[in-house]
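Chemist: Supplied in structure tokens, the structure appears directly below.
Number of protein chains: 2
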Amino acid sequence: MAIAKTRDTCAGCPIRHRAVCAYCDADELAMLERIKSYATIAPGAPIFFAREPMRHVATVVTGAAVLSRTLEDGRRQISGLMLPSDFIGRPWRDTISYDVTALSEVVLCRFDRKAFETILRDTPHVAERLLSMTLDDLDAARDWSVVLGRMAARERVSAFLLALARRLGTPDPKVPERVTFDLPLTREAIADALGLTLETASRQMSALRRDGVIETEGRTRVVVPDLLRLQEEAQDDDDGGELG
Amino acid sequence: MAIAKTRDTCAGCPIRHRAVCAYCDADELAMLERIKSYATIAPGAPIFFAREPMRHVATVVTGAAVLSRTLEDGRRQISGLMLPSDFIGRPWRDTISYDVTALSEVVLCRFDRKAFETILRDTPHVAERLLSMTLDDLDAARDWSVVLGRMAARERVSAFLLALARRLGTPDPKVPERVTFDLPLTREAIADALGLTLETASRQMSALRRDGVIETEGRTRVVVPDLLRLQEEAQDDDDGGELG
DNA sequence: CGGTAGTTTGAACCACTTCAATATTCGTGG
DNA sequence: CCACGAATATTGAAGTGGTTCAAACTACCG
Numbered sequence: 001m002a003i004a005k006t007r008d009t010c011a012g013c014p015i016r017h018r019a020v021c022a023y024c025d026a027d028e029l030a031m032l033e034r035i036k037s038y039a040t041i042a043p044g045a046p047i048f049f050a051r052e053p054m055r056h057v058a059t060v061v062t063g064a065a066v067l068s069r070t071l072e073d074g075r076r077q078i079s080g081l082m083l084p085s086d087f088i089g090r091p092w093r094d095t096i097s098y099d100v101t102a103l104s105e106v107v108l109c110r111f112d113r114k115a116f117e118t119i120l121r122d123t124p125h126v127a128e129r130l131l132s133m134t135l136d137d138l139d140a141a142r143d144w145s146v147v148l149g150r151m152a153a154r155e156r157v158s159a160f161l162l163a164l165a166r167r168l169g170t171p172d173p174k175v176p177e178r179v180t181f182d183l184p185l186t187r188e189a190i191a192d193a194l195g196l197t198l199e200t201a202s203r204q205m206s207a208l209r210r211d212g213v214i215e216t217e218g219r220t221r222v223v224v225p226d227l228l229r230l231q232e233e234a235q236d237d238d239d240g241g242e243l244g
Numbered sequence: 245m246a247i248a249k250t251r252d253t254c255a256g257c258p259i260r261h262r263a264v265c266a267y268c269d270a271d272e273l274a275m276l277e278r279i280k281s282y283a284t285i286a287p288g289a290p291i292f293f294a295r296e297p298m299r300h301v302a303t304v305v306t307g308a309a310v311l312s313r314t315l316e317d318g319r320r321q322i323s324g325l326m327l328p329s330d331f332i333g334r335p336w337r338d339t340i341s342y343d344v345t346a347l348s349e350v351v352l353c354r355f356d357r358k359a360f361e362t363i364l365r366d367t368p369h370v371a372e373r374l375l376s377m378t379l380d381d382l383d384a385a386r387d388w389s390v391v392l393g394r395m396a397a398r399e400r401v402s403a404f405l406l407a408l409a410r411r412l413g414t415p416d417p418k419v420p421e422r423v424t425f426d427l428p429l430t431r432e433a434i435a436d437a438l439g440l441t442l443e444t445a446s447r448q449m450s451a452l453r454r455d456g457v458i459e460t461e462g463r464t465r466v467v468v469p470d471l472l473r474l475q476e477e478a479q480d481d482d483d484g485g486e487l488g
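Those sequence lines, one after another, are chains V and E. Going by this note's numbering, the first sequence opens with residue 1, and the numbers climb by one from there. Going by this note's numbering, the second sequence opens with residue 245, and the numbers climb by one from there.
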């Protein structure tokens, strides 16, 4: 397959310059190339389970996945959305405390965890890039706590849509503040990410649609006619990129 | 001063084996020793401000501080509690997105940020330790999202007290499941950490006291007669150490 | 001891949840 | 290509946990 072929070489990888390998030179890339392997996960399928031994760490190449924790009584919280170039796993630890589940079909670039730990020790460029990414993720997770702890339902939904618009949105060629994207999550998953019920999440999406903050097509397509307006709804003052 | 004297040498540092320098050998420690400086922050005083240039990174040596974000209308969320050995700052970035404020008198072991970035490049043991700590902090922040997103007020307060008991608690020499600690935060700050109002936080503390889950002395002293009981209240199944 | 910041408690209110019914989307097979 | 059906989403109405507003209390510092 042509597509699989180009994926097999790091040089042609679509996330080459954003993933954990971003800082690598040709030699280092060759070293990673030797130990990497690809895996394709079906939509809805588990990638890792909390508390179960983790043989691999991985980078999302295409698709979307979520990190989630579920309490014994079934309450679920999604604590992170993993998109292309995001890193999944915990070097130097056997387990993680959350489940990782594919939302769409996900292609992973995987490394055996032990082998990756060796790479981290021997390849400063990989270690430095992973540290930088992890610091960013930590800042994003902390920024997100204000959404979960302090924002009203409408603000939460707005903040979530804004974060997705920033990462997934395609600007209108004629009107750059107008962006379009496809929601990779169901209403239930959105609710689980925002600490709301699915009914409240749905109602707030409807309210935002009524008020002209968003337009929707089908279940998944979202158009944001004016990003600035959505930013105001989300109480977002800065111009950076957030999302846990 | 005798105390200042012992603080000046890394060898006698109380957090030598838990901080970012934990993996360092004598040579590396000497290098850090050359660029470090101590700072003492008064209770309530700011350590860093969001969006303002950060000249330093630092490790908390003694005392407690919080990371917080405040929305324009005054709503505040505390996204992290910094205790001795915790690392504050963002290498390779000029600003952070949250305020850092001392709760008690805080002693910091500071490094000029640029100098620390050089250390990170030249001293794999420091980089590796910081990566490991940051990965732990990220897991803790993600674990904490289930508290903010899905837990009821009583569970939130319980989870918070449990996290503090684990990090700050002194076990009773005769009854190890009985632990005592001093709250480094006011009720208002507890509420800001948990996404509640101070009234609700206070009411839940009172309820836990009435139900015998905790005992209190004065404003700050908390006794947990049975950690297991508190764990149940906090919906906590595992035995690890959490807290954002 | 007196003053004040911090805490506790009370009562009314409201945003979100819960429970329930209807509607839409979209894949599949006729 | 359309009709069917299951999954997903929307909307409605009543209930409730946490907030808000208000007042009293208490710990701790000088």
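C-beta: ideal position from N, C-alpha, C; glycine also. All figures in this text were calculated on a predicted structure; none of them were measured in a lab.
Identify the contact partners of Arg-410/E in chain V, using a Cβ-Cβ distance below 8 Å as the criterion.
Modeler: For this step, residue 410/E is matched to residue 166 along the second sequence. Those within 8 Å of Arg-410/E in chain V number zero; the least Cβ separation is about 15 Å.
Chemist: Which residues in the same chain as Val-20/V place their Cβ atom closer than 8 Å to its Cβ, once the five residues preceding and following it in sequence are excluded?
Modeler: Locating residue 20/V in the first sequence gives position 20, counting from the first residue. Around Val-20/V: Thr-59, Phe-87, Val-126, Arg-129, Leu-130, Met-133.
Chemist: Checking 8 Å against the spacing of the C-beta atoms, do Ser-104/V and Gly-63/V come in under that value?
Modeler: Within the first sequence, numbered from 1, the residue matching residue 104/V stands at position 104. Within the first sequence, numbered from 1, the residue matching residue 63/V stands at position 63. Yes; because the gap between Cβ atoms is below 8 Å, this pair is in contact.
Chemist: Verify the CB distance criterion: does Leu-472/E have a CB-CB separation below 8 Å to chain V?
Modeler: Residue numbering aside, residue 472/E sits at position 228 when the second sequence is read from its first letter. Judged by the 8 Å Cβ criterion, Leu-472/E is not in contact with chain V.
Chemist: Going by Cα to Cα distance, which pick from Ala-359/E, Met-326/E, Pro-420/E, Val-305/E is closest to Leu-472/E?
Modeler: Your numbering for residue 472/E matches position 228 in the second sequence. It is Pro-420/E.
Chemist: In the DSSP assignment, the alpha helix (DSSP H) including Leu-311/E goes from what residue to what residue?
Modeler: Taking the second sequence and counting its residues from 1, the one referred to as residue 311/E is at position 67. Not the alpha helix (DSSP H): Leu-311/E falls in the beta strand (DSSP E), residues 309–314.
Chemist: If I follow the unbroken beta strand (DSSP E) through Thr-216/V, where does it start and stop?
Modeler: Walking along the first sequence from the start, residue 216/V turns up at place 216. Looking at the DSSP string, the run of the beta strand (DSSP E) that includes Thr-216/V is 215–217.
Chemist: Considering only residues of the same chain and omitting the five flanking positions on each side of Tyr-98/V, which have a CB-CB separation below 7 Å?
Modeler: Position 98 of the first sequence, counted from the first residue, corresponds to residue 98/V. Answer for Tyr-98/V: Ala-50, Leu-67, Ser-68, Arg-69, Ser-79, listed in chain order.
Chemist: Apply the 10 Å Cβ neighbour rule to Gly-439/E and answer buried if 16 or more other Cβ atoms are within range, or exposed otherwise.
Modeler: Looking up residue 439/E in the second sequence gives position 195. It counts as buried.
Chemist: Starting from Leu-135/V, follow the alpha helix (DSSP H) in both directions and report where the run begins and ends.
Modeler: Position 135 of the first sequence, counted from the first residue, corresponds to residue 135/V. Here the alpha helix (DSSP H) through Leu-135/V covers 124–150.
Chemist: Please name the residue or residues paired with Val-301/E in a DSSP beta bridge.
Modeler: Position 57 of the second sequence holds residue 301/E. Paired residue(s): Phe-355/E.
Chemist: In chain V, which residues lie less than 8 Å from Glu-372/E when you measure between Cβ atoms?
Modeler: In the second sequence, counting from the first residue as 1, residue 372/E sits at position 128. Those are Leu-120, Arg-121, Ala-127, listed as they occur along chain V.
Chemist: Which same chain residues, not among the five before or five after Leu-148/V, have their C-beta less than 7 Å away from its C-beta?
Modeler: By one-based count along the first sequence, residue 148/V stands at place 148. Result list for Leu-148/V: Gly-195, in chain order.
Chemist: Taking 8 Å as the CB-CB cut-off, is Arg-299/E touching chain V?
Modeler: Here residue 299/E corresponds to residue number 55 of the second sequence, with the count starting at 1. Closer than 8 Å: no.
Chemist: Between which two residues does the alpha helix (DSSP H) containing Ser-206/V stretch?
Modeler: As a first step, residue 206/V must be located in the first sequence, where it is residue number 206. Its alpha helix (DSSP H) spans residues 198–210.
Chemist: Starting from the beta carbon of Arg-69/V, find every residue of chain E whose beta carbon is closer than 9 Å, and list them in chain order.
Modeler: For this step, residue 69/V is matched to residue 69 along the first sequence. Simply Arg-386, Asp-387, Ser-389, Val-390, Arg-394.
Chemist: Roughly how many angstroms lie between the CA atoms of Ala-384/E and Lys-174/V, to the nearest whole one?
Modeler: Numbered from 1 along the second sequence, position 140 holds the residue referred to as residue 384/E. Numbered from 1 along the first sequence, position 174 holds the residue referred to as residue 174/V. If you take the alpha carbons of Ala-384/E and Lys-174/V, they lie about 43 Å apart.
Chemist: Any chance the segment 178–191 of chain V sits against the segment 217–231 of chain V, with 3 or more Cβ pairs inside 8 Å?
Modeler: The segment 178–191 of chain V is in contact with the segment 217–231 of chain V.
Chemist: Assign Ser-158/V to one of three DSSP states: helix, strand, or coil.
Modeler: Mapped onto the first sequence, residue 158/V falls at position 158. Ser-158/V: helix per DSSP, three-state reduction.
Chemist: Would the beta-carbon of Arg-400/E fall within 8 Å of that of Leu-327/E?
Modeler: Here residue 400/E is taken as the residue at index 156 of the second sequence, counted from 1. Here residue 327/E is taken as the residue at index 83 of the second sequence, counted from 1. Taking 8 Å as the Cβ cut-off, Arg-400/E and Leu-327/E do not qualify as a contacting pair.
Chemist: Return the residues of the segment 335–346 of chain E that lie within a Cβ-Cβ distance of less than 9 Å from chain V, sorted by chain order.
Modeler: Going along the segment 335–346 of chain E in chain order, one finds Pro-335, Trp-336, Arg-337, Ile-340, Ser-341, Tyr-342 with a Cβ nearer than 9 Å to chain V.
Chemist: To which residues of the same chain is Ala-435/E closer than 6 Å at the C-beta, ignoring the five residues directly before and after it?
Modeler: Taking the first residue of the second sequence as position 1, residue 435/E is located at position 191. Contacts found: Thr-441, Leu-442, Ala-445.
Chemist: Taking Cβ positions only, does Lys-249/E come closer than 8 Å to chain V?
Modeler: Numbered from its first residue, the second sequence carries residue 249/E at position 5. Below a pLDDT of 50, predicted positions are generally treated as unreliable, and Lys-249/E, at 44, falls in that range; no measurement from the model is reported.
Chemist: Just how far apart, CA to CA, sit Asp-317/E and Ala-255/E?
Modeler: If you number the second sequence from 1, residue 317/E lands on position 73. If you number the second sequence from 1, residue 255/E lands on position 11. Rounded to the nearest angstrom, the two C-alpha atoms are 47 Å apart.
Chemist: Output the boundary residues of the beta strand (DSSP E) element that contains Gln-77/V.
Modeler: Taking the first residue of the first sequence as position 1, residue 77/V is located at position 77. From DSSP, the beta strand (DSSP E) with Gln-77/V extends over 76–82.
Chemist: Which of helix, strand or coil does DSSP assign to Thr-9/V?
Modeler: Reading the first sequence from its first residue, position 9 is the one you call residue 9/V. Reduced to three states, the DSSP call for Thr-9/V is coil.
Chemist: Which whole-angstrom value is the C-beta distance of Leu-230/V and Leu-162/V, which I expect to be below 8 Å?
Modeler: The sequence position of residue 230/V within the first sequence is 230, counting from 1. The sequence position of residue 162/V within the first sequence is 162, counting from 1. 5 Å between Cβ atoms; contact.
Chemist: Roughly how many angstroms lie between the CA atoms of Asp-236/V and Asp-252/E, to the nearest whole one?
Modeler: Residue mapping note: residue 236/V aligns to position 236 of the first sequence, counting from 1. Residue mapping note: residue 252/E aligns to position 8 of the second sequence, counting from 1. Each residue's Cα considered, the two are about 43 Å apart.
Chemist: Pull up the distance between the alpha-carbon of Met-1/V and that of Thr-40/V, whole angstroms please.
Modeler: Position 1 of the first sequence holds residue 1/V. Position 40 of the first sequence holds residue 40/V. Below a pLDDT of 50, predicted positions are generally treated as unreliable, and Met-1/V, at 39, falls in that range; the measurement from the model is reported next regardless. Spanning the two alpha carbons is a distance of roughly 14 Å.
Chemist: Does DSSP put Thr-339/E in a helix, in a strand, or in coil?
Modeler: As a first step, residue 339/E is located in the second sequence; it is residue number 95 there, counting from the start. The answer is coil: DSSP assigns Thr-339/E none of H, G, I, E or B.
Chemist: Provide the residue(s) that pair with Ala-102/V in DSSP beta bridges, ordered along the chain.
Modeler: For the purposes of this step, residue 102/V is taken as residue 102 along the first sequence, with counting starting at 1. Note: Ala-102/V sits in a beta bridge opposite Ala-65/V.
Chemist: Who are the Cβ neighbours of Glu-486/E in its own chain at under 6 Å, not counting the five residues just before and after it?
Modeler: For the purposes of this step, residue 486/E is identified with residue 242 of the second sequence, where counting begins at 1. With a pLDDT of only 48 at Glu-486/E, under the threshold of 50, the placement of this residue in the model should not be trusted; the figure read from the coordinates follows. Excluding sequence neighbours, Glu-486/E sits near Ala-384, Asp-387, Ala-407.
Chemist: Can you name, in chain order, every residue of its own chain whose Cβ lies under 7 Å from the Cβ of Arg-262/E, other than the five neighbours on each side?
Modeler: In the second sequence, counting from the first residue as 1, residue 262/E sits at position 18. So the qualifying residues of the chain are Ser-329.
Chemist: Measure from the alpha carbon of Arg-299/E to the alpha carbon of each residue in Phe-355/E, Val-468/E, Ser-389/E, then state which is nearest.
Modeler: Here residue 299/E is taken as the residue at index 55 of the second sequence, counted from 1. Comparing Cα-Cα distances from Arg-299/E to each of Phe-355/E, Val-468/E, Ser-389/E, the minimum goes to Phe-355/E.
Chemist: Under 8 Å Cβ-Cβ, which residues of chain E neighbour Pro-124/V?
Modeler: Your numbering for residue 124/V matches position 124 in the first sequence. Correct list: Arg-365, Pro-368, Ala-371.
Chemist: Got a sec, what are the start and stop residues for the beta strand (DSSP E) Ile-41/V sits in?
Modeler: Position 41 of the first sequence holds residue 41/V. Start and end: 36–41.
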